[in-house]
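Residue numbers (my numbering): 1 to 721.
Quick reminder that beta carbons are idealized off the backbone N, C-alpha and C, glycines included.
A short worksheet on the structure shown next.
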Ligand SMILES: *Cc1c(COP(=O)(O)O)cnc(C)c1O
């Protein structure tokens, strides 16, 4: 391979512990607590000061400290153990994929996504789509898939959220320093960076390629901030999800077309191309163009390309399904369609759709034209997607529309607290290799309640201390108003029944549903002797006024004296805060307007850590709920009037909270430990949900049902009409 990523920076590491650099430049450490502990023990305070970023940490350590570590026998023993585990992991050929499909280990799978949520120190994700992509990569690595991924290295990442005293979201810019991140430029033998080019109106756009190592998987990231581009183009990959259509289509051209070119230059010849949402759908055009340029007629090229392509749709919400006006497509593709042997009309027909505002070029339609296999991300979402897209297959009944589903799951070791992980290992023994098998979790029921509660209580305390310290820092450094200190969680009680609600503030997620009868809620949370607290967190897209108003509505309720500090809004929802929340709350609340939540995954993270789900029967929870492992809000009824739906769901929420959730936690308990009934439900929840909603189960399903047919080119479905 002529191109490869540069060697990790070596810092000033003593020879004996020089491989710390390799550990720092592979995200493997983020899901291996023993590796985290290794960094931390070198200098615990500095580890915190570096915000758990090993690249910054190693760079800033005093030489004396490193020297001392290198001659500390306890440390070097730990170091040798971690390095050996890392090497064994990265080099092992004995993986699930290798053993299941030995003839396919050299058939690369290319996975495209506009965002990847891998760790909080890499803020190149906005929400669930990115987290799912990140978890997919980690699991693909664990299972040994020959997978390689493509995305963007956004120079400004996703914004940092600040909430004004009146509850208005302000977005603070973030500027990423690549030299402080575990990303490395991809270069040739002369050290020159790998560049890809695409054509934009009147100019070429160039992008540099970077690499992040995720265990065994390489993630290649495109970055347009290079000298060869004009100043505006250098900003093209600065931010996620601009509302500017020119920026957006240019980004998607870079991802789809530039991404294919990058993989070719790197020497990959993928047999599967997986589009994680429609943003990357131009990749199908580029594959077809390659074949047409080689002499194949376009119709045949499309037939060939689609056999190897997989498309996953992630949301029924219109803002998540990109559509471009025809005039814009004309501007960007008039030079391109001749290379496919097409004229304007023929090109537009590839992805034509009539939408609310007129005629559009639809990225999901393009994706479905150029793929034989399509899926939604839960059973209900599969149904919704079939109904939404049935017009593309006019000759088929809705039931026959070729969109299936694979329900989302989470990467277990990314989201599981260390303490709960230790508890599982003590009782389930060697459970990690079998973590997607329900039988492997049966012994959960044998864990003594005291041990289970000790681990849960530890996580609850950690959450409370973390929140209080964050708030203290803000008061100290940002001059916030005292009432914001309370709103930020200064009065949190580590022993109260704690409910978490954290997600993007999109309006369909109805963060205000639980506030719809505020008087009733405040009476409940402030009842003497049985305190309840609710923690809210989440960002609204900066252009989403409705989402920002929702935050304001929540914040105004949180600030009320009558709330008594029991309602809290936490700024800056990211993967770190998410980890503290899903590990430390007792109840995870989710109230989307059914059926808009395609899957959702945060409740899966909470369940894994022993929190109970209390949610609308939408997305994954509709499949996960069994009547004994949490609570269902509302019914499976369909409503035509959203106001009626909101009212019914709110009543259901309050009734269950008051008559089931709170009593089960408090009634007849002894000391601070919740009732045995509560802990029995926790065990039922962990044992039923952890295996089924693991990324392990999910990625295996992708392999068995979609990737393998794509590798074999055997997944011919009905082409869209
Ligand atoms: C898991 C996660 C999400 C997605 O959760 P949903 O349930 O889909 O809302 C979003 N943001 C962060 C930071 C997460 O960790």
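Judged by the Cβ position, residue 600 qualifies as a neighbour of ligand 1 at the 6 Å threshold, a heavy atom of the ligand being closer than this.
Here residue 525 is near residue 566, since their CB atoms are less than 7 Å apart. With respect to residue 538, residue 503 sits close: the two C-beta atoms are nearer than 7 Å. A residue is called buried once 16 or more other Cβ atoms fall within 10 Å of its Cβ, and residue 375 is buried on that count. Contact check between the region 239-253 and the region 152-163: three or more CB pairs, one atom from each, fall below 8 Å, which counts as touching. Of the residues 177, 223, 167 and 176, the one whose Cα lies closest to the Cα of residue 186 is 223. Cβ atoms of residue 720 and residue 368 come within 8 Å of each other, at about 6 Å. The region 44-55 makes no contact with the region 98-114, as fewer than three CB pairs between them are under 8 Å. Only exposed fits residue 660, as fewer than 16 other CB atoms lie within 10 angstroms of its CB.
Secondary structure at residue 358: strand, using DSSP grouped into helix, strand and coil. With a cutoff of 6 Å, residue 319 does not count as near ligand 1, since its C-beta is closer than that to no heavy atom of the ligand. Using a 10 angstroms sphere on the CB of residue 442, the tally of other CB atoms stays under 16, which defines it as exposed. Of 593, 680 and 608, the smallest CA-CA separation from residue 638 is found for 593.
Per the DSSP secondary-structure output, residue 353 pairs in a beta bridge with 360. Listed in chain order, the non-local C-beta contacts of residue 689 below 6 Å within the same chain comprise 607 and 624, local neighbours out to five positions each way being set aside.
Residue 691 and residue 435 do touch by the CB rule: their CB atoms are close to 6 Å apart, below 8 Å. Judged by DSSP in its simplified three-state form, residue 649 adopts helix. The beta carbon of residue 386 sits closer than 6 Å to the beta carbons of 398, 401 and 403 from its chain, once the five residues preceding and following it are set aside; these are given in chain order.
Excluding residues up to 5 positions away in sequence, 224 and 250 lie with their Cβ nearer than 6 Å to the Cβ of residue 236 in the same chain.
Judged by DSSP in its simplified three-state form, residue 6 adopts coil rather than helix or strand.
The beta carbon of residue 575 sits closer than 6 Å to at least one heavy atom of ligand 1.
It is roughly 48 Å from the alpha-carbon of residue 466 to the alpha-carbon of residue 332. A distance of 7 Å or more separates the beta carbons of residue 281 and residue 219. Nearest to residue 42 by C-alpha distance, out of 67, 168, 506 and 140, is 67. Excluding sequence positions up to five before and after residue 274, its CB lies within less than 6 Å of the CB of 111 and 310, all in the same chain and listed in chain order. Rounded to the nearest whole angstrom, the CA to CA distance from residue 484 to residue 478 is 11 Å. For residue 128, the distance from the CB to the nearest heavy atom of ligand 1 is below 6 Å. Boundaries of the beta strand (DSSP E) harbouring residue 500: 497-502, taken from the DSSP string.
Here the C-alpha atom of residue 620 lies approximately 8 Å from the C-alpha atom of residue 379.
For residue 391, the closest alpha carbon among the candidates 464, 354 and 372 is that of 354. Taking a contact to require three or more Cβ pairs closer than 8 Å, the region 58-72 and the region 6-19 qualify as touching. When secondary structure is reduced to three states using DSSP, residue 311 falls in the strand class. The beta carbon of residue 667 sits closer than 7 Å to those of 675, all from its chain and outside the five residues before and after it, given in chain order. For residue 459, the shortest separation between its Cβ and any heavy atom of ligand 1 does not lie below 6 Å.
Ligand 1 never approaches residue 281 closely enough for any of its heavy atoms to be under 6 Å from the residue's Cβ. Here the alpha carbon of residue 176 sits roughly 37 Å from the alpha carbon of residue 616.
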